[in-house]
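Here this note's numbering is used: the first residue of the sequence shown is 98, the next is one more, and so on. Backbone N, C-alpha and C define an ideal beta-carbon position, used for all residues, glycine too. Since the model is a prediction, treat every value here as computed from it, not as a measurement.
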Amino acid sequence: MLLAGEVGKPHGLAGEVYVVVISDDPQRFAPGAHLSRDDGSILTVATSRAHGDRFLVRFEGIDSREATMALRGPLYVPATDARALDEDEFWHDDLIGCTVVTASGDELGVVEMVIAGPAQDLLQVETPNGRRLVPVVKEIVTNVDPEGKRIVVDPPEGLFD
C-alpha cells in the first residue's frame, strides 16, 4: 500500500475533514476515488476541494461532525494504483538502502531516508563520518539504479568530509 494522505480534524458540521495530501497524483482525491484505512475499510470520496495547503474532503456515508471524528489517520491506495514514473523519477522507498558511491566506485554511505523539499529532495546518507544530506540535483546525483541499489554522486568538495 502507498500512503496517499492523512485525515486531520473535522471542518464544519456536514462531514468534511481536512486532509494533508501526500500523493502527487492529482486524481487521488477526486470524487469517486477509493482510499483504504489502517483497519482495511474503504472510503469513497464524495467531494473534495483545495483549502490552503490541504484539501477539504467529504466521504460517502459520512455526513456529521461526529462521524468524522473516527476518520483521523492515514489513507492508502494499492501500490498497483501508483502513477507511472517519468524516466528521471523514483519512489522514495526505492532509494532507501541504496549504496552511495562516487563515479570511481568509492563507497560513501547508505541512504537512510529521503527528505522531501520545496526545491529538491535530500538524501540522508549514513557515512563513516556521520549523516550527510545530499541534494538530489543532476549536478550531484549523476546516476540512480534502484534495482541495483546504487546511487552515483559527484559531490562538491567537503560534502562527505
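Residue i - containing beta strand (DSSP E), residue span
i	result
A101	L99 to H108
I248	R247 to V250
A147	I139 to H148
G112	Here G112 belongs to no beta strand (DSSP E), and DSSP marks it neither H nor E.
Q221	L219 to T224
Limits of the unbroken alpha helix (DSSP H) element including residue i
i	result
A164	R162 to T165
D191	H189 to L192
As assigned by DSSP and simplified to three states, the class of residue i
i	result
D178	helix
L168	helix
D242	strand
D126	The sequence as given places Phe at residue 126; Asp does not occur at that position. Correct three-state label for F126: coil.
E157	coil
F257	coil
Test item: CB-CB of residue i and residue j under 8 Å
i	j	result
G105	S161	no
V211	H189	yes
Best match in the options for proximity to residue i [C-alpha to C-alpha]
i	options	result
G102	P128, S138, L132 and D203	L132
S138	E157, P232 and H108	E157
F152	D136, H108 and R134	H108
Proximity test, residue i beta-carbon vs the ligand FMN heavy atom, cut-off 7 Å
i	result
V198	Of ligands this structure carries none, so the ligand FMN is not represented either.
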